[in-house]
Amino acid sequence: MSERSSAFRLGVHSVLRDLKAGELRVLVAAVVLAVSATTAVGFFTDRVGRAVLQRSGEVLAADLVVRSNRPIAESYAQKAADLGVESASVTSFPSVVLAGEASALADIEAATDGYPLRGLLRIADEPYGASEEVQAVPPPGEAWADARLLARLDARPGVSLEVGAAELKVTKVLEFRPDQGARFVDLAPTLLINAADVARTELIQPGSRVSYRLLLAGAPDDVETLHAALKPELGVSERLQDVRSAGPQIQNALQRAERFLGLAALVGTLLAAVAVGMAGRRYALRQIDAVALMKCIGVSRSFVLRVNLSQLATIGLVAGLVGVGLGYLAQIGLAALLSELSGTLPPAGLGTIFTGLGLSLLILAGFALPTLLQLRDVPPLRVLRRDVGPPPASALLVYGLAVAAFLALLFHQAADPVLASWVAGGAAGTVLILAGAGLILVWLATRVRSSAGASWRYAIAGIARRGRESVLQVAAFGLGIMVLLLLTVIRGDLMNEWRATLPEDAPNRFLINIQPDEAAGVEALLESRLGDLDLVPLVRARVVEIAGTPTGEIEFPSERGRRLVDREANLSWTSELQSDNTLLEGDWWDAGAAPGLVSLEEEFARDAGIGIGDELAFDIAGERFTATAVNIRSVQWDSFNTNFFMVFSPGTLDPYPHTFIASVHVDDANRGLTLDVVRQYPSVTVIDIDAALEQVRAVMDQAALAVQYVFAFALLSGIVVLLAVVESGREERLFESAVLRTLGARRRQILNSALIEFTLIGLLAGVLAAVGATVLGGLLASRVFDLPVSFNPWLWVNGMAAGVGIVATTGMLATRRVVNHPPVEALRSF
Amino acid sequence: MAEGNAKETVLEAIGLTKKVSSPDGTLTILDDVGFTIASGESVAIVGESGAGKSTLLALLAGLDLPTEGDVLLDGRSLTELDEDGRAALRARRVGFIFQSFHLIPSLNALENVLLPLELMGDTAATEHAEEVLASVGLSDRRHHYPRQLSGGERQRVAIARAFVARPAVLFADEPTGNLDASTGQRVADLLFSLNGSSGTTLVLVTHDRVLAARCERQLELAAGRLL
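Line by line, the protein sequences give chains W and V. Counted from 1, the first sequence has number 190 at position 190 by the numbering used here; the numbering is strictly sequential. For the numbering used here, add 1000 to where a residue sits in the second sequence, where the first one is 1.
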């Protein structure tokens, strides 16, 4: 037998034996939990993420949309069909429709069967009557009309409308279509007709303003493939749009949901990794005698290394497989539980299995291997003198491996470098502070040990004697508690802040096109029912020059930038920065500032390549004016308030034709209000964004649910950390307790001193953990989630309570077992 | 080996000195100790507690390095070898028996005996290990784990493990120190009979004068020096 295979055999053999003998309980539990937590979370977030994406797809009524102002090639739909992706097409164009004498401009949407592919239409028999949700289009010869269109035509369902050359009968009121959007450009109310009727209207002629959409939906992978296949084939007028490029509100919400989940999963995994580190260290320490013996009878360092690696690989694979299995089961249970709330989730991806196994090996390699590597250097002399151990491992090796594994985990889990960096920095800072505090505690313990009573003396002496162990315990307990507290911050405070950005009374109707002479009247009418509100001025203009260069000659940093600049933009003015905006660069203007200043939204400025100091030239119906960019601000789009890419200082836009916008919250009792406004002021357009609000709320709810779940797993990991820390000192305590009891100490005395020792360590760890969680939670809120920072005093109370309660309890339980162990047996085994 | 033949030197201590630093300054544990041990000889190192017996044993076996001086095992200088080199030499030439047995708790009796052979890559290991285990009278306990064995049985397993690789030199550190008198007696009988039949050199550390007297030669240590 070669030495190599004999090392492998010995490694595997000893692990299997240790497994049977229960020696590996905590280490295996830690790895299993780390793997099952992350795979369950992985499986689950994968599924919820896809469910959220699918829901978000409702904004497009599809997963992917090809848009063009020319008819879209048949070949695209064929490609989709080949991949098993569903398709439907929608042709839309503006047209005046007639009902007898009355006429109104309508946005004609002509859809084929299958529309909408994602989400449902809401239709009713009467305007604002009881509605039902359907996935259907009107049969040929029929049309479904927006209530606003009927109001303008002063008509009711049943009316026959002249649409170009065709006559269509309105059979339903169209209350909602998922892709109606919440943008101001969708001005005219919708008339949904069957695509088969388009030809009969004879409205599509050369030169007509028509837009075509090919809607596509299917399994995520297929859609992804299709996306990649279509992209290179797109013509100049064609544009691909997926959920991520959909409305800024849902995109914003989705991004935050992903961050929340990623963060929660991340901290859970880190906790488990800490447990693995602690348990791995204990395991390694228990191998010292066996290794010393092997070296004594003549094995080489490399043989020891091979044995250790075999042990680690065996543990990694066994625990990894068990963990993946458990994770998969946990996730099935959870999905069943959730199906009530969120409908059927898409199935879990199998890639997670390999991720789980890889994770198991990674965690062991990063957190347990360094201590195990030390075993190579166990002096054989230990067989004669038990007090000699391996020399301290090279700091570079121990910390290098742990840091590398930590970072790999972090970036794998968070998939967001900004978030990962903050958590990495926060955890590192906390560990340093904790270790420093631990050292101070040990130092203090060496000073005050003689000045207290018997149990106290022994407890404090214990902290001092186990110096390294005490520092490690403060750090591990503290990190564990910090992460648990941070999770409560995320689960509670941060989630609440997020939800608070979209309160129950968030604006759900936009009233646009309010003429200056109607403004006072509309405002009075709205205020009579809804209380105080402000009308926001709106000017439509086109950017023609940026920093002296005509926009046609500019190379834009992104395609989006060109699109945003090319289209007619909505501009507004204000003297004060809106509350859901944050100034990033430059200064806000004073109340009496000169006209000609403009404030830019961050992403717009980036995509259009505009910086502070650039002069922008605008064209408003043939008239030209300029303004200088003076500051850049971020906008919280998912607040659903009226917001603009470009906001001007007062006086700049006043001379030009403008209208006003109002955003209001209309509750059920006031549903008829907007109808009253439209009747009294026919030019005003009301946009209902209830559905879009609901979509964002649904994303929030699912994210919240998922975070709760991850929290439960992290809690389990936290408990294993605590157990691992307590177990790590077990041998020494066993021996000490045996000696003490042989010397006549009563069980109560030993338990008391353990209680004091663990309470001191727990208190210190808890307080520092609260500091860490507060600081890191605040930083995450402000820097990562763009949420206001709130101070939570309960964190401190919980931190201390958790520190003392959990640490002392687990410590006592472990000590109890030690004390109950017959001293003779304990002494014999040393 | 025929009587009267000049025996080969297997182990030589040359001016061995071991100092350690303590809070009260440097402590000299061994001071200029030198002797030779011939192949097949049995030697007891005796002395009071703290005389430096175990330290001397550790230096002779290459488990630790002297502050000054050298040990030649089979003519090879232990101080000139690195740790792996010393380990390799031990694997081929040296066996150990300890006061507290040092059996591997996760391996059964047979597996403990097998260990040195497996480490040397011996393919016919099991059969030989079973023979040696039988020679210490533990055939029927071969599948028992150390915790299921009595102290005497554990030391017999340890003795089997020490002899199984046919070492040139066997070091025994208080081999009967943890055993009651009659068990100790039986273990010592076994040790000397195996030693006699295998021609192994035996270096035994003990403070038990009776046990020491069974060796051909006694080296007495006091305060780190040979008397």
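For every residue, glycine included, the Cβ atom is placed at its ideal position computed from N, Cα and C.
So, for VAL442 (chain W): in the same chain, excluding its five sequence neighbours on each side, which residues have a beta-carbon less than 8 Å away from its beta-carbon?
By one-based count along the first sequence, residue 442 (chain W) stands at place 442. Once the five neighbours on either side are set aside, the close Cβ partners of VAL442 (chain W) are ILE463, ALA464, GLY467, SER470, VAL471.
For GLY586 (chain W), write down the residues that DSSP places opposite it in a beta bridge.
In the first sequence, residue 586 (chain W) corresponds to position 586, counting from 1. Answer is W:ASN631, bridged to GLY586 (chain W).
Tell whether a beta-carbon distance below 8 Å holds between ASP619 (chain W) and VAL539 (chain W).
Taking the first residue of the first sequence as 1, we reach residue 619 (chain W) at position 619. Taking the first residue of the first sequence as 1, we reach residue 539 (chain W) at position 539. Judged by their CB atoms, ASP619 (chain W) and VAL539 (chain W) are not nearer to each other than the 8 Å cut-off.
Would ILE297 (chain W) count as contacting chain V if we go by Cβ distances under 8 Å?
The residue you call residue 297 (chain W) lines up with position 297 of the first sequence. So, interface residue.
Using C-beta distances below 7 Å, list every residue in its chain close to ALA1125 (chain V), excluding the 5 sequence neighbours before and after it, in chain order.
What you label residue 1125 (chain V) is simply residue 125 of the second sequence in a count that begins at 1. Contacts found: LEU1114, LEU1117, GLU1118.
Near LEU768 (chain W), what residues of its chain come up, given a Cβ to Cβ distance below 7 Å and the 5 sequence neighbours on each side ignored?
One-based indexing of the first sequence puts residue 768 (chain W) at position 768. Excluding residues up to 5 positions away in sequence, ILE433, LEU434, ALA437, GLY478 lie with their Cβ nearer than 7 Å to the Cβ of LEU768 (chain W) in the same chain.
Closer than 8 Å, CB to CB, is LEU10 (chain W) near chain V or not?
As a first step, residue 10 (chain W) must be located in the first sequence, where it is residue number 10. At a cut-off of 8 Å, the C-beta of LEU10 (chain W) has a neighbouring C-beta in chain V.
8 Å is my cut-off, CB to CB: does SER1054 (chain V) come that close to chain W?
Translated into the one-based positions of the second sequence, residue 1054 (chain V) becomes position 54. Chain W, which has a Cβ nearer than 8 Å to the Cβ of SER1054 (chain V), makes this yes.
Which whole-angstrom value is the C-beta distance of GLY320 (chain W) and LEU270 (chain W), which I expect to be below 8 Å?
Taking the first residue of the first sequence as 1, we reach residue 320 (chain W) at position 320. Taking the first residue of the first sequence as 1, we reach residue 270 (chain W) at position 270. Rounded to the nearest angstrom, the Cβ distance from GLY320 (chain W) to LEU270 (chain W) is 18 Å, too far for a contact under 8 Å.
What did DSSP end up calling ALA166 (chain W) once you bin it into helix, strand or coil?
Counting from 1 along the first sequence, the entry for residue 166 (chain W) is found at position 166. For ALA166 (chain W), the three-state secondary structure derived from DSSP is strand.
Are any of the Cβ atoms in chain V nearer than 8 Å to that of ARG282 (chain W)?
Here residue 282 (chain W) refers to the residue found at position 282 of the first sequence. No, its Cβ sits nowhere closer than 8 Å to a Cβ of chain V.
In whole angstroms, give me the CA-to-CA distance for ILE750 (chain W) and MET482 (chain W).
Here residue 750 (chain W) refers to the residue found at position 750 when the first sequence is read from its first residue. Here residue 482 (chain W) refers to the residue found at position 482 when the first sequence is read from its first residue. Inter-residue distance for ILE750 (chain W) and MET482 (chain W) is about 29 Å (C-alpha atoms, whole angstroms).
In chain V, which residues lie with their C-beta within 8 Å of the C-beta of VAL324 (chain W)?
Working through the first sequence from its first residue, we reach residue 324 (chain W) at position 324. Those within 8 Å of VAL324 (chain W) in chain V number zero; the least Cβ separation is about 27 Å.
Let me check one thing: in DSSP terms, what residues is GLN1218 (chain V) bridge-paired to?
The residue you call residue 1218 (chain V) lines up with position 218 of the second sequence. Here GLN1218 (chain V) is bridged, per DSSP, to V:ALA1044.
Taking PHE1096 (chain V) as the query, report the chain W residues whose CB atoms sit under 8 Å from its CB, ordered along the chain.
Translated into the one-based positions of the second sequence, residue 1096 (chain V) becomes position 96. Residues of chain W passing the Cβ test: CYS296, ILE297, VAL383.
Alpha carbon to alpha carbon, what distance is there between ALA1013 (chain V) and LEU1063 (chain V)?
As a position in the second sequence, residue 1063 (chain V) is number 63, starting the count at 1. As a position in the second sequence, residue 1013 (chain V) is number 13, starting the count at 1. Answer to the nearest angstrom: the Cα atoms are 14 Å apart.
Express the C-alpha separation of ILE1029 (chain V) and VAL1164 (chain V) in angstroms, rounding to a whole number.
Against the second sequence, residue 1164 (chain V) aligns to sequence position 164. Against the second sequence, residue 1029 (chain V) aligns to sequence position 29. About 33 Å.
Using beta-carbon positions only, say whether SER1042 (chain V) and GLU1216 (chain V) come within less than 8 Å of one another.
Locating residue 1042 (chain V) in the second sequence gives position 42, counting from the first residue. Locating residue 1216 (chain V) in the second sequence gives position 216, counting from the first residue. Using a Cβ distance threshold of 8 Å, SER1042 (chain V) and GLU1216 (chain V) count as a contacting pair.
Counting only Cβ pairs nearer than 8 Å, list the residues of chain W close to GLU1118 (chain V).
Working through the second sequence from its first residue, we reach residue 1118 (chain V) at position 118. The contact set of GLU1118 (chain V) on chain W, defined by CB atoms closer than 8 Å, consists of MET1, SER6, ARG9, LEU10 in chain order.
Excluding the five sequence neighbours on either side, which residues of its own chain have a C-beta within less than 7 Å of the C-beta of LYS1053 (chain V), listed in chain order?
Position 53 of the second sequence, counted from the start, is the residue given in the question as residue 1053 (chain V). Excluding positions up to five away in sequence, the list reads ILE1045, GLY1047, VAL1205, LEU1221.
Excluding five sequence neighbours on each side, which residues of the same chain lie with their C-beta closer than 8 Å to the C-beta of LEU763 (chain W)?
Residue mapping note: residue 763 (chain W) aligns to position 763 of the first sequence, counting from 1. Only residues of its own chain outside the window of five on either side were considered, and among them MET800, GLY803, VAL804 have a CB closer than 8 Å to the CB of LEU763 (chain W), listed in chain order.
Residue(s) in a DSSP beta bridge with PHE618 (chain W)
Stepping through the first sequence from its first residue, residue 618 (chain W) is reached at position 618. Per DSSP, the beta-bridge partners of PHE618 (chain W) are W:VAL543, W:PHE625.
Mark GLU1003 (chain V) as exposed unless 16 or more other C-beta atoms lie within 10 angstroms of its C-beta, in which case mark it buried.
The residue labelled residue 1003 (chain V) in the question sits at position 3 within the second sequence. Reliability fails at GLU1003 (chain V), whose pLDDT of 41 lies under 50, so the model's placement of it is uncertain and the value that follows must be treated cautiously. Residue environment for GLU1003 (chain V): exposed (fewer than 16 other C-beta atoms within 10 angstroms of its C-beta).
Among W:ASP667, W:ALA662, W:LEU583, nearest to ARG633 (chain W) - alpha-carbon criterion:
Here the question's residue 633 (chain W) lines up with position 633 in the first sequence. Relative to the Cα of ARG633 (chain W), the nearest Cα in the group W:ASP667, W:ALA662, W:LEU583 belongs to W:LEU583.
Buried or exposed: SER6 (chain W), going by 16 or more other Cβ atoms within 10 Å of its Cβ?
Within the first sequence, residue 6 (chain W) is the residue found at index 6, counting from 1. The residue is buried, with at least 16 neighbouring Cβ atoms inside 10 Å.
Of all Cβ atoms in chain V, is any one closer than 8 Å to the Cβ of PRO380 (chain W)?
In the first sequence, counting from the first residue as 1, residue 380 (chain W) sits at position 380. Closer than 8 Å: yes.
According to the neighbour-count rule (16 or more other Cβ atoms, all chains shown, within 10 Å of its Cβ), is ARG1154 (chain V) buried or exposed?
Along the second sequence, read from residue 1 onward, the residue named residue 1154 (chain V) stands at position 154. Around the C-beta of ARG1154 (chain V), 16 or more other C-beta atoms lie within 10 Å, and the residue is accordingly described as buried.
Using 8 Å as the Cβ pair cut-off and three pairs as the minimum, do the segment 806-813 of chain W and the segment 521-534 of chain W touch?
No, because fewer than three Cβ pairs between the segment 806-813 of chain W and the segment 521-534 of chain W fall closer than 8 Å, the two stretches do not touch.
From the DSSP output, in three-state form, read off ASP1032 (chain V) for me.
As a position in the second sequence, residue 1032 (chain V) is number 32, starting the count at 1. Correct three-state label for ASP1032 (chain V): strand.
Specify whether the segment 597-607 of chain W and the segment 662-679 of chain W touch according to this definition: at least 3 beta carbon pairs, one from each stretch, less than 8 Å apart.
No, they do not touch.
Sort out for me which residues DSSP pairs ILE1014 (chain V) with in a bridge.
The residue given as residue 1014 (chain V) occupies position 14 in the second sequence. DSSP output for ILE1014 (chain V) lists V:ASP1070 as bridge partner(s).
Residues that DSSP places opposite MET646 (chain W) in a beta bridge
Reading the first sequence from its first residue, position 646 is the one you call residue 646 (chain W). According to DSSP, MET646 (chain W) bridges with W:LEU571, W:LEU600.
I want to see whether chain V comes within less than 8 Å of LEU372 (chain W), judged by CB atoms only; does it?
Residue numbering aside, residue 372 (chain W) sits at position 372 when the first sequence is read from its first letter. Not flagged as an interface residue toward chain V: LEU372 (chain W), since no C-beta distance is shorter than 8 Å.
Using a Cβ cut-off of 7 Å, pull out every chain C residue sitting near ALA1091 (chain V), in sequence order please.
Looking for chain C here will not work: the only protein chains present are W and V.
Under 8 Å between the Cβ atoms of VAL65 (chain W) and LEU263 (chain W)?
Walking along the first sequence from the start, residue 65 (chain W) turns up at place 65. Walking along the first sequence from the start, residue 263 (chain W) turns up at place 263. No; because the gap between Cβ atoms is not below 8 Å, this pair is not in contact.
Contact between the segment 1165-1179 of chain V and the segment 1081-1101 of chain V is defined here as three or more beta-carbon pairs at a separation below 8 Å; is this criterion met?
The count of Cβ pairs closer than 8 Å, one atom from the segment 1165-1179 of chain V and one from the segment 1081-1101 of chain V, reaches three, so the stretches are in contact.
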